[in-house]
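Quick note: the sequence shown uses my numbering, first residue 3, plus one each step. Positions of the beta carbon are idealized from the N, C-alpha and C atoms, including for glycine. Here the structure is a predicted model, which means the values were calculated and not measured. Written below as structure tokens is the structure these notes are about.
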Amino acid sequence: MRQKISLNHNWRFHLGEFPQPPKKVAKKAYAFGGFTASLPEENQQRLPVSSGGENFLKLIAQGNMEEGLRNLCATDLESQLDDSWKTVELPHDWKVTLPYEDNPANLMAGSKADGIAYYRKRFKIDDDIKQENRIILQFDGVMRMADIWLNGSYLGHNNSGYTMFEFDITEMLYYGDEGDNILLVKVDTTSGSEGWWYEGAGIYKEVSLKIIPNLHLNEEDFYVYTKSFEDGNAQLGVEVSVTNDGDDTVLISPKINIAGTVIKLSEKIVAPLTTEIFTKEVVFDNPTLWSPENPYLYQATAVLENDKIVKNFGIRTFDYDEKGFYLNGKPYELHGICEHQDFTGVGVALNKDIIHYKIKIMKEMGVNAYRSAHHFASKDLLEICDEYGILVMNENRIPESSPWRLADLGKAVKQSRMNASLAFWSIGNEELTGNTTFGGRNIKRLAQIIRKFDKEHLLLSAELLSPEGFVNEDYLQYFDILGVNYPEAGVMGAGAELIHQKYAKLSMMSTENASYFSTRGIYKDNGDKCHCNNFGSMYSMVLPGKRQPGDPGVGGTAHPEEVLNYLSTHPYMGGVFLWTAFDYFGEPSPFVYPAISSQFGICDLNGFPKDYYYYYQAHWTDAPMVHLMPHWNKEGLEIDERGYTPIRVFSNAEEVELFINGISQGKLPLNDCQSNYKVLYQEGDIKVLAYQDGKVVATDYHVTSEKVSKLSVEKIYSGNRFALFAISALDQYDHFVPMADNSMSIKGEKGTVVGLGNGNPSDTSDYNLQEISLFSGKAMVIVALDENGKAEISVKLKSVK
3 MRQKISLNHN
13 WRFHLGEFPQ
23 PPKKVAKKAY
33 AFGGFTASLP
43 EENQQRLPVS
53 SGGENFLKLI
63 AQGNMEEGLR
73 NLCATDLESQ
83 LDDSWKTVEL
93 PHDWKVTLPY
103 EDNPANLMAG
113 SKADGIAYYR
123 KRFKIDDDIK
133 QENRIILQFD
143 GVMRMADIWL
153 NGSYLGHNNS
163 GYTMFEFDIT
173 EMLYYGDEGD
183 NILLVKVDTT
193 SGSEGWWYEG
203 AGIYKEVSLK
213 IIPNLHLNEE
223 DFYVYTKSFE
233 DGNAQLGVEV
243 SVTNDGDDTV
253 LISPKINIAG
263 TVIKLSEKIV
273 APLTTEIFTK
283 EVVFDNPTLW
293 SPENPYLYQA
303 TAVLENDKIV
313 KNFGIRTFDY
323 DEKGFYLNGK
333 PYELHGICEH
343 QDFTGVGVAL
353 NKDIIHYKIK
363 IMKEMGVNAY
373 RSAHHFASKD
383 LLEICDEYGI
393 LVMNENRIPE
403 SSPWRLADLG
413 KAVKQSRMNA
423 SLAFWSIGNE
433 ELTGNTTFGG
443 RNIKRLAQII
453 RKFDKEHLLL
463 SAELLSPEGF
473 VNEDYLQYFD
483 ILGVNYPEAG
493 VMGAGAELIH
503 QKYAKLSMMS
513 TENASYFSTR
523 GIYKDNGDKC
533 HCNNFGSMYS
543 MVLPGKRQPG
553 DPGVGGTAHP
563 EEVLNYLSTH
573 PYMGGVFLWT
583 AFDYFGEPSP
593 FVYPAISSQF
603 GICDLNGFPK
613 DYYYYYQAHW
623 TDAPMVHLMP
633 HWNKEGLEID
643 ERGYTPIRVF
653 SNAEEVELFI
663 NGISQGKLPL
673 NDCQSNYKVL
683 YQEGDIKVLA
693 YQDGKVVATD
703 YHVTSEKVSK
713 LSVEKIYSGN
723 RFALFAISAL
733 DQYDHFVPMA
743 DNSMSIKGEK
753 GTVVGLGNGN
763 PSDTSDYNLQ
773 EISLFSGKAM
783 VIVALDENGK
793 AEISVKLKSV
803 K
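What follows is the structure, encoded as structure tokens:
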């Protein structure tokens, strides 16, 4: 039976190019030597050499076989491991550890330099594994250009940092007593970027060996999909393929188990080194339909005598017309977010635990859709969205029809098409060739690839529009939907309105919205610190320096209120996809260095919510809630010459009442899920009560705090490998200190600290895992669990202000 062996542990890592880089073409098999094979210090032969080969090598080098290898094959004999090689675990992003640099060329990518690095892994394979099996080396993701060697031989290359890739290495391995296997991976980020944001660097996803029988089911080809749903019954399509990598012709009849119903497929003869495809239609009576509100998953199993594949799937239907989106035949409003794939402290080296944490926070806000911007969604992300109930827009990175781009797209489609959460394919984002005849030729080919493999999902592209509303009809014909970025904002909005008027039957969708500047816990603009006011910044997306209200781009592309107001008056746009769920490294608009991250996020880099998180939550959730902004420490507030300061309340209740030091400031109804007060600042406490049907249903409050006296530690998430701790500054009365920026030391008592973050968009401190400063009173610690699954930390204030 198939099995999977993790190769995530105990890699050796070297940052920088070698004086003698390994070659890709050799004169003799397995003869590169150097770091691609066993080294002298590892007490294993560099490569198996026959007695005849040994005599020949000695003959050409005066009796010295090693010199013969050097002379004949240019074998590297000198390389050796030294102190420059560090031990690392995967996933790994080396870029996160580099110092920040004030270099305009790297500003958009997070102000960290590109480079070259090598990863080296020694591993053993049991002798019995080679019997009747194939061994596949699988990389879930390497950022970016990757070259791979195994046991002195060059395996191959991968271009994109956003694709999974693999190699069949069955015959290239050493088994049992034959010795250790040596795997070398070169990663190069110097030859170009795929994105204009922080992309990281290194083997940032998992590496594994897949052991599969010679006669095996093909995982990506096992596909169960909903063909139709009528009168309470679903018609499912099933596809199974079987490959024979053995020596003998065999007669087979696979079985499938669809949610407990076992079906035997037809018999077929499979010759050596061939693949046979099996198809079946299955009627499923009265299924439970998958939706974000009820993410019900069924299980499908394909079985051969010595092989089995198990996958989850959901039964659901997707449609879109000129009125909007339909899920399972009913109108459905998309409350979506866009998201890159980095995270505080670890860069892009996320594992499933961190993705769980991120999705959980978004689900609690009321999010029901996720746009994987602007790259293929990972298998971990898709599986988590299946479970949580989040519709996914999977996105192709670059809409070019070059062979390798087409191959990457085809693989990504087959890997993700069966996920219940997948609803849309975006073929590209804001492409310069979009809406042109030339672009259309490329899009046609990409659309053919998607529709060849995917029978269910809707196809669109996230487009930039001109204010004239021009569309190329030849270009549009390849899509199910015209995606429009920022239709609520000036230029794109004007174009979208004109297109809708001219093409009343055209399906249109909001694919990107808002881009609102805000810094967690900040209520004053401060250009020197790269901070943006949560009430609305006066810095502009498109104009330099601090501006005036009403100037183009002030506060971001659009304010949250503008976005949801647009949605309410344009339901045919399907919903929204807010840019972005979390702040992300790079793209630090509206500032330059020392700004090192974006400030578009509804949450900061740590996932700590900013104030407008609760505005969306008030609109998108039903459980009673109320949120009060700002904090109540005078030095962090904008107070006018009369001593007045604004207060804003978000709630999904009917009305709210504000109290300052116990004195009511009056009740206000909620308009657009918010109420606004202007009050005379008085030190003490502020509290808000939310009322529904005359009863208090939720409350929130803030207290004027004293200086930091201590720290609170809260484990806010614990998974299979990582635990996340939130650190908060408290005064002597246990009141939160919202402006604390004290430094603190961190020690892992159980487990290993692997990342620290504070959400400060201009923190250019050097990377370390022992000390960090608080920002707006908070910080995060990421800990890898110990061998007993435990994680505990101790923290200590290093300065008291």
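Distance between residue j and residue i (C-alpha atoms, nearest Å)
{"i": "residue 361", "j": "residue 548", "result": "34 angstroms"}
{"i": "residue 110", "j": "residue 291", "result": "42 angstroms"}
{"i": "residue 499", "j": "residue 490", "result": "10 angstroms"}
{"i": "residue 220", "j": "residue 242", "result": "8 angstroms"}
{"i": "residue 399", "j": "residue 239", "result": "29 angstroms"}
{"i": "residue 708", "j": "residue 344", "result": "35 angstroms"}
{"i": "residue 418", "j": "residue 555", "result": "37 angstroms"}
{"i": "residue 108", "j": "residue 135", "result": "46 angstroms"}
{"i": "residue 807", "j": "residue 104", "result": "Coverage of the chain is limited to positions 3 through 803, which leaves residue 807 absent and any answer about it impossible."}
{"i": "residue 512", "j": "residue 428", "result": "12 angstroms"}
{"i": "residue 383", "j": "residue 606", "result": "20 angstroms"}
{"i": "residue 2", "j": "residue 283", "result": "Because the chain in this structure spans residues 3 to 803, residue 2 falls outside the shown range and cannot be described."}
{"i": "residue 655", "j": "residue 714", "result": "31 angstroms"}
{"i": "residue 518", "j": "residue 640", "result": "19 angstroms"}
{"i": "residue 616", "j": "residue 755", "result": "31 angstroms"}
{"i": "residue 164", "j": "residue 146", "result": "8 angstroms"}
{"i": "residue 728", "j": "residue 720", "result": "12 angstroms"}
{"i": "residue 5", "j": "residue 442", "result": "43 angstroms"}
{"i": "residue 335", "j": "residue 151", "result": "49 angstroms"}
{"i": "residue 32", "j": "residue 183", "result": "12 angstroms"}
Nearest-angstrom Cβ-Cβ length linking residue i and residue j, presumed shorter than 8 angstroms
{"i": "residue 35", "j": "residue 85", "result": "Residue 35 to residue 85, Cβ: 22 angstroms. No contact."}
{"i": "residue 521", "j": "residue 763", "result": "6 angstroms"}
{"i": "residue 604", "j": "residue 580", "result": "6 angstroms"}
{"i": "residue 371", "j": "residue 392", "result": "6 angstroms"}
{"i": "residue 58", "j": "residue 186", "result": "Incorrect: roughly 27 angstroms between the Cβ atoms, too far for contact."}
{"i": "residue 379", "j": "residue 396", "result": "5 angstroms"}
{"i": "residue 574", "j": "residue 332", "result": "Residue 574 to residue 332, Cβ: 16 angstroms. No contact."}
Spatial neighbours of residue i in its chain, beta-carbon cut-off 7 angstroms, leaving aside the 5 residues before and after
{"i": "residue 321", "result": "328"}
{"i": "residue 743", "result": "775, 776 and 777"}
{"i": "residue 455", "result": "412, 415, 416 and 419"}
CB contact flag (residue i, residue j, <8 angstroms)
{"i": "residue 690", "j": "residue 659", "result": "yes"}
{"i": "residue 718", "j": "residue 748", "result": "no"}
{"i": "residue 626", "j": "residue 694", "result": "yes"}
{"i": "residue 228", "j": "residue 311", "result": "no"}
{"i": "residue 93", "j": "residue 351", "result": "yes"}
{"i": "residue 366", "j": "residue 583", "result": "no"}
{"i": "residue 676", "j": "residue 705", "result": "no"}
{"i": "residue 781", "j": "residue 753", "result": "no"}
{"i": "residue 629", "j": "residue 702", "result": "yes"}
{"i": "residue 95", "j": "residue 202", "result": "yes"}
{"i": "residue 768", "j": "residue 101", "result": "yes"}
{"i": "residue 741", "j": "residue 657", "result": "no"}
{"i": "residue 501", "j": "residue 473", "result": "yes"}
{"i": "residue 48", "j": "residue 154", "result": "yes"}
{"i": "residue 730", "j": "residue 800", "result": "no"}
{"i": "residue 771", "j": "residue 787", "result": "no"}
Same chain, Cβ closer than 6 angstroms to residue i, neighbours up to 5 away in sequence not counted
{"i": "residue 177", "result": "127, 129 and 132"}
{"i": "residue 2", "result": "Summary: the structure shown does not reach residue 2, with the chain confined to residues 3 through 803, and so no result is reported for it."}
{"i": "residue 406", "result": "161"}
{"i": "residue 231", "result": "319"}
{"i": "residue 550", "result": "none"}
{"i": "residue 298", "result": "290 and 292"}
Distance cut-off 7 angstroms: residue i Cβ against heavy atoms of the ligand ZN
{"i": "residue 217", "result": "This structure lacks the ligand ZN; in fact it carries no ligand of any kind."}
Same chain only: Cβ atoms within 8 angstroms of residue i, ignoring 5 sequence neighbours per side
{"i": "residue 60", "result": "66, 67 and 70"}
{"i": "residue 409", "result": "none"}
{"i": "residue 288", "result": "234 and 235"}
{"i": "residue 711", "result": "732, 733, 734 and 802"}
{"i": "residue 540", "result": "527, 548, 549, 550, 551, 556 and 557"}
(request) Would you check if the region 293-306 and the region 254-272 touch, i.e. whether three or more CB-CB distances between them fall below 8 angstroms? (result) In short, these stretches touch, since the Cβ pair count reaches three.
(message) Below 8 angstroms, how does it come out for the region 155-169 and the region 119-131: are there three or more Cβ pairs, yes or no?
(response) no
(message) Pairs of beta-carbons, one from the region 469-482 and one from the region 526-536, closer than 8 angstroms: are there three or more?
(response) no
(message) For the structure I just gave you, are there three or more beta carbon pairs, one from the region 188-205 and one from the region 111-124, closer than 8 angstroms?
(response) yes
(message) Check whether the region 270-277 and the region 247-254 touch, using three or more Cβ-Cβ pairs below 8 angstroms as the test.
(response) yes
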